[in-house]
Each structure stands twice: as structure tokens, then as C-alpha cells.
Amino acid sequence: MPILFSRTALKHALAATALACASVGTQAHAELPPIQNQGGIEYVSGGFGQDESTAFKQAMPQFPLAMTFSSRSDGAAAYAADVQVVIRDENDANVLNVASEGPFLLVKLPPGKYRVFATYDNKTQERQINVEASDSTRLTFAWERPASGPD
């Protein structure tokens, strides 16, 4: 006995299949935002949303320096953006000075020793790093924010 479908049911089934395939393709091919350049140093920042966050995490090994920013308030952690990042070389010269556009900042630094300053909510943290040609250095910056008071 043949199975009969109405044209409307068939159109809905095809549309649902196309939508499912499109969303799978989008998730599989999430891309980073465009690479930026400052003084010859390439970097990319962002990472909000599941697809973009996944793209950043997958790209981390391709960048000599990968940074993640977060804040914690009232026991809840959240990604942080608008973190001012300054990177200085061993001669104390500024190599990069940018504000992150999201919780991730990936930087293509040449091998060497650097100091990284990250400022969020007027609080600065400093890290000293040694970037090697064959490895990726990962830094995590987390800030405690004051507990919110009564409204």
C-alpha cells in the first residue's frame, strides 16, 4: 500500500529538513571575527555566543597567546568584555594596547618575554609570560566584583 502525503505536509517536512541541515552546517563552521592588526601584531577578540565561543576555543592552539576574561559576583561567574589589555616586551615597550570585544583575546606574538596587564572595572592584574615558537601560552584573568546590595 503506497504512503500518501499531502503537498502541504511534504513542504513542511522538506522545510524542516532544510532548516535542520542549515543549523548543523552553521554550528560546524563557526568562524572567528576578522583578525585585527596593531603595530604588526595580529589579534582577534570576541567569543560571545556558543558558536563563537567554540570557534575561539578551537583556535587557541594556533595563537602564541590565548587569554580568557571572567568576573564573579554573588557566587556567579560570567564572561567579561571590555577588558583593557596592554602587553609590554622585555624592554618595557608597548607591543599591544587593546580593549577586548569579548571574553577571549588571541594574539600572535613573536617568541620572547612579556608582561601582560589586564584591567577590568578599574582593577589591573599583571602576568609575566615567556612565549615560545612551538607552544601556546594560555592566561586566565578573573575578577571578583563586590556583592550587589539591596535595591
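Here my numbering is used: the first residue of the sequence shown is 1380, the next is one more, and so on.
Note that CB positions come from ideal geometry on N, CA and C, so glycine has one too.
Cβ neighbour criterion (16 or more within 10 Å) applied to residue i
i     : result
G1425 : buried
A1401 : Residue placement at A1401 is flagged as unreliable, the pLDDT there being 41, under the threshold of 50; the coordinate-derived value follows with that caveat. Exposed, by the Cβ-count rule.
E1511 : exposed
I1414 : exposed
G1454 : exposed
T1447 : buried
S1452 : exposed
A1534 : The structure shown does not extend to residue 1534, since the chain spans only 1380 to 1530, so no value can be given for it.
Q1417 : exposed
P1482 : buried
A1521 : exposed
Where the beta strand (DSSP E) containing residue i begins and where it ends
i     : result
S1424 : I1420 to G1425
S1450 : L1444 to S1452
I1466 : Q1463 to D1468
R1517 : T1516 to E1523
E1505 : K1502 to V1510
P1491 : The question names Pro, yet the displayed sequence has Gly at residue 1491. It spans G1491 to Y1499 - the beta strand (DSSP E) in which G1491 sits, taken as one unbroken run.
Proximity below 8 Å, CB of residue i to CB of residue j
i     : j     : result
V1477 : V1464 : yes
I1508 : T1516 : yes
Y1422 : L1484 : yes
S1479 : A1460 : yes
R1524 : S1449 : no
When the options are compared against residue i, the one with the closest alpha-carbon
i     : options                       : result
G1419 : E1480, N1470, S1432 and K1487 : K1487
R1494 : A1434, N1470, A1455 and P1440 : N1470
G1491 : D1514, G1481, T1519 and G1428 : D1514
Q1489 : N1501, F1442, E1431 and R1524 : Note that residue 1489 corresponds to Pro in the displayed sequence, not to Gln. Ranking N1501, F1442, E1431 and R1524 by Cα distance to P1489 puts F1442 first.
L1444 : P1525, R1506, W1522 and E1523 : R1506
M1439 : G1428, L1411, S1449 and R1524 : L1411
A1472 : F1435, S1449 and F1496        : F1496
Continuous alpha helix (DSSP H) stretch holding residue i: start and end
i     : result
E1431 : Q1429 to A1438
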